[in-house]
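A.B. asks: Residues 1 to 165 (full-length UniProt numbering) make up the sequence shown, in order. Ideal Cβ placement from N, Cα and C applies to all residues, glycine included. Quick caveat, the model's predicted, so the values are computed rather than measured.
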Amino acid sequence: MSVLMVTSVGDIELDLHTDLCPLTTKNFLKLCKMKYYNGCLFHKVEKDFLAQSGDPTGTGSGGDSVYKYLYGDQARFFNDEIRPELRHSKTGTIAMASAGENCNASQFYITLRDDVDYLDDKHTVFGTVAEGLDTLTKINEAYVDDKGRPFKDISSFLEPSVSQT
Numbered sequence: 001m002s003v004l005m006v007t008s009v010g011d012i013e014l015d016l017h018t019d020l021c022p023l024t025t026k027n028f029l030k031l032c033k034m035k036y037y038n039g040c041l042f043h044k045v046e047k048d049f050l051a052q053s054g055d056p057t058g059t060g061s062g063g064d065s066v067y068k069y070l071y072g073d074q075a076r077f078f079n080d081e082i083r084p085e086l087r088h089s090k091t092g093t094i095a096m097a098s099a100g101e102n103c104n105a106s107q108f109y110i111t112l113r114d115d116v117d118y119l120d121d122k123h124t125v126f127g128t129v130a131e132g133l134d135t136l137t138k139i140n141e142a143y144v145d146d147k148g149r150p151f152k153d154i155s156s157f158l159e160p161s162v163s164q165t
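#1: Taking the continuous alpha helix (DSSP H) assigned at Asp134, which residues delimit it?
#2: For a quick check, are the C-beta atoms of Leu50 and Leu112 less than 7 Å apart?
#3: Starting from Lys44, trace the beta strand (DSSP E) both ways and give me its first and last residue.
#4: Curious, which full-length beta strand (DSSP E) runs of at least 3 residues does the stretch 18-56 contain?
#5: Closest to Asp80 by C-alpha separation, out of Leu4, Asn102, Cys40, Asp115, would be which residue?
#6: For Asp11, write down the residues that DSSP places opposite it in a beta bridge.
#7: Just checking, does the stretch 12-32 make contact with the stretch 66-76 on the three C-beta pairs under 8 Å criterion?
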């Protein structure tokens with residue numbers, strides 16, 4: 001399954017590992033369908049490391065999983081789906097930006113360089129960028145403040161694609 005991410009600096013096609021990370025990709029796809037991510041900013045960009053989004057407050061401290069909407073406040077977070085075959089090995093790896101072990105909600109990040117292997121086994125990798133590496137380069141080159149917040153907002157809208165990959 002893929003998702004088209006339309007950002008203010010270009011488009012990115014995300015391919016999701018639905019077979020290997022069913023809880024995570026269900027959460028991501030359902031939030032996309034709810035338009036939860038629409039207008040979310042890349043609130044943190046660390047050059048040559050990662051770009052983080054998925055917080056509707058734009059602060060990096062907000063966000064809920066779809067499971068909260070389905071099952072109540074006690075399901076705000078969901079468990080990690082760490083898979084040994086899914087690593088932070090290349091630019092464009094998509095993973096959950098969790099608040100700790102088994103504390104995944106809506107925030108995610110995309111790696112901006114290869115070999116960020118020290119994040120392996122800490123965050124659920126659930127997809128890769130299939131197209132739009134040029135857009136990732138633009139995000140990577142954004143001017144940011146001392147907390148990594150881009151001076152010029154980079155917003156996004158996510159739309160699940162019909163095709164299976």
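C.D. replies: Checking against the coordinates, here is how it stands:
#1: From DSSP, the alpha helix (DSSP H) with Asp134 extends over 133-140.
#2: Closer than 7 Å, so yes.
#3: For Lys44, the enclosing beta strand (DSSP E) stretches over residues 44-46.
#4: Scanning the stretch 18-56 from its first residue to its last, the whole beta strand (DSSP E) runs of 3-plus residues come out as 44-46, 50-53.
#5: Per the Cα distances, Asn102.
#6: DSSP, once it has assigned bridges, lists Val6 as partnering Asp11.
#7: The stretch 12-32 vs the stretch 66-76: in contact.
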